[in-house]
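Per my numbering: the sequence shown = residues 455 to 633.
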Amino acid sequence: MAAVFSGLLLCVGTLVSCSRELTPEDALGQIVEQAEFQMPYYAPMRVGEMVLTGDNHKNSRQYIRKHYGTLIDAGLVEVKNTDSNTWRTVIDVQLTTKGQAMSDSRRSTDKEAYVQVCRMVPVKIEEFRTVSEGNVIECSYVFEEREITPFGAYQGFQQGRSYKDKRTFVRSRGSWHVQ
């Protein structure tokens, strides 16, 4: 008898939770659970040989330090002079083993590495409006750059920089689903 009663309570609880209206808090929770917010954000970074001319050639060590110093110090890249003459210096920028661990090797090439720069995190719902009574809701939300990596700092990502986006929720079979 207790098993029947607890099963009945579970069914009633499920019906109540499925039949309730979507709230901004529930919408944000569903957005946070989307796959693109569950993984690091990657951005391309130029690697391989680069030719320095003019002042950059004359001060190649200073150029390397200015542009790659933080990545070198973090053990993520190695930069070597491979060739030099009176008018140019060729440098070679490569990811270290540690840097490669923070890259997406499936998308990387000899000239470009896709490196982890941050995580994108939804933080709040800004607008919440009904498009079709009881079936479709559209919401605008804000997400931020968080957990900036050294690659992200190198590329100009900033902790807390925010962006806006929209999502549509559709009610189907008694529950709300993000599109």
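Each residue gets a CB set at the ideal place from its N, CA and C atoms; glycine is no exception.
Taking the C-beta atoms as reference points, Glu601 is found nearer than 8 angstroms to Cys572. For Thr550, same chain residues with a beta-carbon under 7 angstroms away, outside a window of 5 residues either side, are Gly529, Leu530, Val531 and Glu532 in chain order. Here Asn510 carries a helix assignment [DSSP, helix/strand/coil]. The continuous stretches of alpha helix (DSSP H) do not include Ala497, which lies in the beta strand (DSSP E) extending over residues Tyr495 to Arg500.
Per DSSP, Ala567 is one residue of the beta strand (DSSP E) stretching across Glu566 to Ser586. When secondary structure is reduced to three states using DSSP, Asp558 falls in the coil class, being assigned neither helix nor strand.
Counting along the chain, the unbroken beta strand (DSSP E) around Phe623 starts and ends at Ser616 to Ser626. A direct Cα-Cα distance of roughly 45 angstroms separates Thr622 from Met504.
In terms of Cβ geometry, Gln548 and Val486 do not form a close pair [threshold 8 angstroms]. Residue range Pro478 to Val486 is occupied by the alpha helix (DSSP H) that includes Glu479.
A residue is called buried once 16 or more other Cβ atoms fall within 10 Å of its Cβ, and Glu475, having fewer, is exposed. When only Cα atoms are considered, Phe491 and Lys534 end up about 36 angstroms apart. Under the DSSP assignment, Phe605 falls in the alpha helix (DSSP H) whose first and last residues are Pro604 to Tyr608. Note on geometry: alpha-carbon atoms of Thr584 and His511 lie some 60 angstroms from one another. Taking a 10 Å sphere around the C-beta of Val569, we find 16 or more other C-beta atoms and assign the residue as buried. Annotation for Leu549: the continuous beta strand (DSSP E) segment containing it runs Arg542 to Leu549. Minimum Cα-Cα distance from Thr540 among the listed residues Thr563, Gln609, Asp619 and Thr507 corresponds to Thr507.
If you draw a straight line from the Cα of Ala555 to the Cα of Gly588, it is about 47 angstroms long. DSSP places Phe597 inside the beta strand (DSSP E), whose first and last residues are Val590 to Arg600.
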